[in-house]
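**Q** With the working numbering as the guide, the letters of the sequence shown map in order to residues 675 to 778.
C-beta atoms are modelled at their ideal positions from N, C-alpha and C, and glycine is treated no differently.
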Amino acid sequence: MALHHAFCARSVRGQLSGTTPEPFVLEGQDWFELSGPERLAWPQIQAAVEKEQTKLAAAVADVAAGRTLSQLSEAERFNLVLGITCHAVYHAGQIQLLKRLRGV
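And the structure:
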């Protein structure tokens, strides 16, 4: 779920800036199989999420300050940022539910 969100944040960053983001930490789209030889350890997953969140925050700030020009309208940019924020909250809720069900 964490890598899924990081991938989505990367996608939003590309849409905001109108650029193609650099390759993701794993090959694939959106949801990733973590059982093969390319399996990432939890610290690597956390680092990927932190990296993508930091880059997304910088992209939003750069577009808002006019340092980066976006081809999207203000409404489209707002919807993208709101969407990725709601996406994060949605998955955070899922994680909290799973933790509660496991007694954590």
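1. Could you tell me which whole alpha helix (DSSP H) segments of length 4 or greater appear in the region 689 to 773?
2. Measuring CB to CB, does residue 665 end up less than 8 Å from residue 706?
3. Report the three-state DSSP secondary structure of residue 778 (helix, strand or coil).
4. Once you ignore the five residues that flank residue 679 on each side, which residues in its own chain have a CB closer than 7 Å to its CB?
5. Nearest-angstrom Cα distance between residue 681 and residue 688?
**A** Taking the definition as stated:
1. Whole alpha helix (DSSP H) segments, 4+ residues: 716 to 739.
2. The shown model of the chain, from 675 to 778, leaves out residue 665, and the question about it has no answer.
3. Residue mapping note: residue 778 aligns to position 104 of the sequence shown, counting from 1. It is coil, neither helix nor strand.
4. Working through the sequence shown from its first residue, we reach residue 679 at position 5. Counting only Cβ-Cβ distances below 7 Å, and skipping sequence neighbours, we find 723, 761, 762, 765.
5. Taking the sequence shown and counting its residues from 1, the one referred to as residue 681 is at position 7. Taking the sequence shown and counting its residues from 1, the one referred to as residue 688 is at position 14. Distance between the alpha carbons of residue 681 and residue 688: 11 Å.
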